[in-house]
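Novice:
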Amino acid sequence: MTLDIPNLVDFDARLREEAHQEPSLEIPQTAPTKKTQIIAIYGKGGIGKSFTLANLSHMMAEMGKRVLLIGCDPKSDTTSLLFGGKACPTIIETSSKKKLAGEEVKIGDVCFKRGGVFAMELGGPEVGRGCGGRGIIHGFELLEKLGFHDWDFDYVLLDFLGDVVCGGFGLPIARDMAQKVILVASNDLQSLYVANNVCSAVEYFRKMGGNVGIAGLVINKDDGTGEAAAFADVVGIPVLAAIPQDDDLRKKSANYQIVGSYESQWGPMFAALAEAVEIAPPVRPKPVNQDGLLALFDAETTGANFVLTPATDADMRGKNAVLKKSLEVVYDHV
-1 MTLDIPNLVD FDARLREEAH QEPSLEIPQT APTKKTQIIA IYGKGGIGKS FTLANLSHMM
59 AEMGKRVLLI GCDPKSDTTS LLFGGKACPT IIETSSKKKL AGEEVKIGDV CFKRGGVFAM
119 ELGGPEVGRG CGGRGIIHGF ELLEKLGFHD WDFDYVLLDF LGDVVCGGFG LPIARDMAQK
179 VILVASNDLQ SLYVANNVCS AVEYFRKMGG NVGIAGLVIN KDDGTGEAAA FADVVGIPVL
239 AAIPQDDDLR KKSANYQIVG SYESQWGPMF AALAEAVEIA PPVRPKPVNQ DGLLALFDAE
299 TTGANFVLTP ATDADMRGKN AVLKKSLEVV YDHV
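Using my numbering, the first residue of the sequence shown is number -1, and each one after it goes up by one.
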């Protein structure tokens, strides 16, 4: 009797090939049913997500909306701006301390208020001691235990780092936790690269049956050169607001001052952004490739005209390079 033993190498190869295949059919999508608009904001680190969200949330509250702002960036800088530079205890660190003490986390331990905005920070692990993405997942698990799905808000705004593409930071898109995504970018290649990556993630999960879409782009530190607006046009999303590159905004942000208020000269701009966010539908983006991104900029500044020169084995070996005898058989012509 002989056993039919499968060829594991071939089996492994088939699995890998299958894993790399894109979904061929789109799964029918259903419209979101929750009253609360859960909106995730993504962008390159340092591009101004926290500045935008802190002021947007404050403006929404002044307009009579119930707003919950959740910082999901390990830097915990979202609520710092809202609270005048004061860092609030994060969910991750509070959970760890309470667990060691044998106590339960209460909402008053992690959620704080200012100007009608309720705000909290998920936080992250200490440097070199854990995964930031896993920290995000743990934070949301704790929020569910605290009753997240029963809370009554008009808006829940999530501040996510866009540079990191792991599962934890992609949670709102992958698990349909948010109805729509807002991108923050400037007129520079790196921030638009991150924005395009988020568009790719949204489009991928839409093919898998997800409902999350892109509501639009906020252009921060807009210097008028137009690359971010051109990107929005190419990928098929609206520009929700263009926040100018202005020294007054820079100074107020650096001093943790809120400008998203009717008492500020910048209030009308953030009020218009709040109204745009409310009505903007979640749309499917059309992400571009690297060459498409480079085409938005002057080729002289991006190196788009640079021709790649392939390296050779001799280049790599340097002084260790030796001439190898060819095994090619050469026949004399008769």
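Glycine is no exception: its CB is placed at the ideal position from the N, C-alpha and C atoms. Keep in mind that this is a model prediction, so the values were computed, not measured.
Using the C-alpha atoms, what's the distance from Gly106 back to Asn195?
Specialist: To locate residue 195, count along the sequence shown from 1; it is residue 197. To locate residue 106, count along the sequence shown from 1; it is residue 108. For Asn195 and Gly106, the distance between alpha carbons rounds to 36 angstroms.
Novice: In the DSSP assignment, what residue or residues form a beta bridge with Phe116?
Specialist: On the sequence shown, position 118 is the one that residue 116 refers to. DSSP output for Phe116 lists Leu66 and Lys111 as bridge partner(s).
Novice: Give the DSSP-derived three-state secondary structure of Gln27 in the structure shown.
Specialist: Along the sequence shown, one-based indexing puts residue 27 at 29. At Gln27, the pLDDT of 46 sits below 50, so the modelled position is not reliable; the number obtained from the coordinates is stated separately. Looking at Gln27 - three-state DSSP - the assignment turns out to be coil, as it is neither helix nor strand.
Novice: On the criterion of 16 or more Cβ atoms from any shown chain inside 10 Å, does His56 qualify as buried, or is it exposed?
Specialist: The residue labelled residue 56 in the question sits at position 58 within the sequence shown. That one is buried.
Novice: So, do the region 53 to 67 and the region 86 to 97 have three or more beta carbon pairs nearer to each other than 8 angstroms?
Specialist: The region 53 to 67 is not in contact with the region 86 to 97.
Novice: When you compare only the Cα positions, how much space is there between His147 and Gly83?
Specialist: Position 149 of the sequence shown, counted from the first residue, corresponds to residue 147. Position 85 of the sequence shown, counted from the first residue, corresponds to residue 83. Near 29 angstroms, if we compare the C-alpha coordinates of Gly83 and His147.
Novice: For Leu294, does the three-state DSSP call read helix, strand or coil?
Specialist: For the purposes of this step, residue 294 is identified with residue 296 of the sequence shown, where counting begins at 1. Coil, per DSSP.
Novice: With Ile36 as the anchor, note down where its beta strand (DSSP E) starts and where it stops.
Specialist: Residue mapping note: residue 36 aligns to position 38 of the sequence shown, counting from 1. Counting along the chain, the beta strand (DSSP E) containing Ile36 begins and ends at Gln35 to Gly41.
Novice: Just to confirm, are Phe268 and Asn53 a CB contact at a threshold of 7 angstroms?
Specialist: By 1-based counting over the sequence shown, the position of residue 268 is 270. By 1-based counting over the sequence shown, the position of residue 53 is 55. Contact flag set, yes.
Novice: DSSP three-state label for Val281, please.
Specialist: Numbered from 1 along the sequence shown, position 283 holds the residue referred to as residue 281. Val281: strand per DSSP, three-state reduction.
Novice: Helix, strand or coil for Pro242, going by three-state DSSP, please let me know.
Specialist: Mapped onto the sequence shown, residue 242 falls at position 244. Looking at Pro242 - three-state DSSP - the assignment turns out to be strand.
Novice: So within the region 44 to 101, which uninterrupted beta strand (DSSP E) runs reach at least 3 residues, ignoring any that extend past its ends?
Specialist: Listed in chain order, the complete beta strand (DSSP E) runs (minimum 3 residues) inside the region 44 to 101 are 65 to 69.
Novice: For Ile212, which residues does DSSP report across the bridge?
Specialist: Translated into positions along the sequence shown, residue 212 becomes position 214. Looking at the DSSP assignment, Ile212 forms a beta bridge with Val179 and Val281.
Novice: At the level of alpha carbons, what is the spacing between Met314 and Pro308?
Specialist: Walking along the sequence shown from the start, residue 314 turns up at place 316. Walking along the sequence shown from the start, residue 308 turns up at place 310. C-alpha separation (whole angstroms): 11 angstroms.
Novice: Note down the Cα distance separating Asp231 from Asp71, rounded to an integer number of angstroms.
Specialist: Position 233 of the sequence shown holds residue 231. Position 73 of the sequence shown holds residue 71. Roughly 28 angstroms between the two C-alpha positions.
Novice: In angstroms with no decimal places, state the Cα-to-Cα distance between Ile68 and Met175.
Specialist: Translated into positions along the sequence shown, residue 68 becomes position 70. Translated into positions along the sequence shown, residue 175 becomes position 177. For Ile68 and Met175, the distance between alpha carbons rounds to 13 angstroms.
Novice: For Leu159, collect the residues of the same chain with a Cβ closer than 7 angstroms to its Cβ; drop the 5 residues on either side in sequence, then sort them by chain order.
Specialist: Translated into positions along the sequence shown, residue 159 becomes position 161. Within the same chain, Leu159 has close Cβ partners Gly43, Asp71 and Phe167.
Novice: Could you tell me which whole beta strand (DSSP E) segments of length 3 or greater appear in the region 135 to 159?
Specialist: For the region 135 to 159, whole beta strand (DSSP E) runs of length 3 or above, ordered along the chain, are 153 to 159.
Novice: What does Asp220 pair with, by DSSP beta-bridge criteria?
Specialist: Within the sequence shown, numbered from 1, the residue matching residue 220 stands at position 222. BP columns for Asp220 point to Pro242.
Novice: Report the rounded CA-to-CA distance for Phe151 versus Pro280, giving the unit in angstroms.
Specialist: Taking the sequence shown and counting its residues from 1, the one referred to as residue 151 is at position 153. Taking the sequence shown and counting its residues from 1, the one referred to as residue 280 is at position 282. C-alpha separation (whole angstroms): 19 angstroms.
Novice: Going by beta-carbon coordinates alone, are Val233 and Cys197 separated by less than 7 angstroms?
Specialist: Along the sequence shown, one-based indexing puts residue 233 at 235. Along the sequence shown, one-based indexing puts residue 197 at 199. Their beta carbons are under 7 angstroms apart, which means Val233 touches Cys197 by this criterion.
Novice: Just to confirm, is the Cβ distance from Ile37 to Leu141 under 7 angstroms?
Specialist: For the purposes of this step, residue 37 is taken as residue 39 along the sequence shown, with counting starting at 1. For the purposes of this step, residue 141 is taken as residue 143 along the sequence shown, with counting starting at 1. For Ile37 and Leu141, no; Cβs fall outside 7 angstroms.
Novice: Under 7 angstroms between the Cβ atoms of Asp210 and Gly41?
Specialist: What you label residue 210 is simply residue 212 of the sequence shown in a count that begins at 1. What you label residue 41 is simply residue 43 of the sequence shown in a count that begins at 1. It is worth fixing the name first, because residue 210 is Val in this sequence and not Asp. No.
Novice: Report buried or exposed for Phe304, applying the criterion of at least 16 other Cβ atoms within 10 angstroms of its Cβ.
Specialist: By 1-based counting over the sequence shown, the position of residue 304 is 306. Exposed, by the Cβ-count rule.
Novice: Nearest by alpha-carbon distance to Arg112: which of Ile256, Leu306 and Asp220 is it?
Specialist: The residue given as residue 112 occupies position 114 in the sequence shown. Among Ile256, Leu306 and Asp220, the Cα nearest to that of Arg112 is on Ile256.
Novice: Cα separation between Lys347 and Tyr153?
Specialist: This structure cannot settle anything about residue 347, because the visible part of the chain is limited to -1 through 332.
Novice: So is Pro266 buried or exposed if we call it buried at 16+ other beta carbons inside 10 Å?
Specialist: Mapped onto the sequence shown, residue 266 falls at position 268. The residue is exposed, with fewer than 16 neighbouring Cβ atoms inside 10 Å.
Novice: So the candidates are Ala297, Lys323 and Val216; which of them puts its Cα closest to the Cα of Phe49?
Specialist: On the sequence shown, position 51 is the one that residue 49 refers to. Minimum Cα distance to Phe49 is reached at Val216.
Novice: Of all the options Ile180, Ser189 and Gly121, which has the alpha carbon lying nearest to the alpha carbon of Glu225?
Specialist: The residue labelled residue 225 in the question sits at position 227 within the sequence shown. Among Ile180, Ser189 and Gly121, the Cα nearest to that of Glu225 is on Ser189.
Novice: Give the secondary structure of Val257 by DSSP, where H, G and I count as helix, E and B as strand, and everything else as coil.
Specialist: Here residue 257 refers to the residue found at position 259 when the sequence shown is read from its first residue. Three-state result, Val257: coil.
Novice: Using 8 angstroms for Cβ pairs, my map puts Trp149 next to Leu80. What's the rounded Cβ distance?
Specialist: Here residue 149 refers to the residue found at position 151 when the sequence shown is read from its first residue. Here residue 80 refers to the residue found at position 82 when the sequence shown is read from its first residue. Not a contact, Cβ separation roughly 18 angstroms.
Novice: So, under 8 angstroms CB-CB, Gly208 and Ile171 are touching, yes? Tell me the CB distance rounded to an integer number of Å.
Specialist: Locating residue 208 in the sequence shown gives position 210, counting from the first residue. Locating residue 171 in the sequence shown gives position 173, counting from the first residue. Gly208 to Ile171, Cβ: 7 angstroms. Contact.
Novice: What residue from Thr34, Leu292, Thr76 and Glu298 has the CA that sits closest to Tyr254's CA?
Specialist: The residue labelled residue 254 in the question sits at position 256 within the sequence shown. Considering only alpha carbons, the answer is Thr76.
Novice: Using the C-alpha atoms, what's the distance from Lys317 back to Ala193?
Specialist: For the purposes of this step, residue 193 is identified with residue 195 of the sequence shown, where counting begins at 1. For the purposes of this step, residue 317 is identified with residue 319 of the sequence shown, where counting begins at 1. Rounded to the nearest angstrom, the two C-alpha atoms are 44 angstroms apart.
Novice: Residue range of the alpha helix (DSSP H) that Arg315 falls in?
Specialist: As a position in the sequence shown, residue 315 is number 317, starting the count at 1. First-last of the alpha helix (DSSP H) with Arg315: Asp311 to Arg315.
Novice: Reducing DSSP to helix, strand and coil, say where Val103 ends up.
Specialist: In the sequence shown, residue 103 corresponds to position 105, counting from 1. Reduced to three states, the DSSP call for Val103 is coil.
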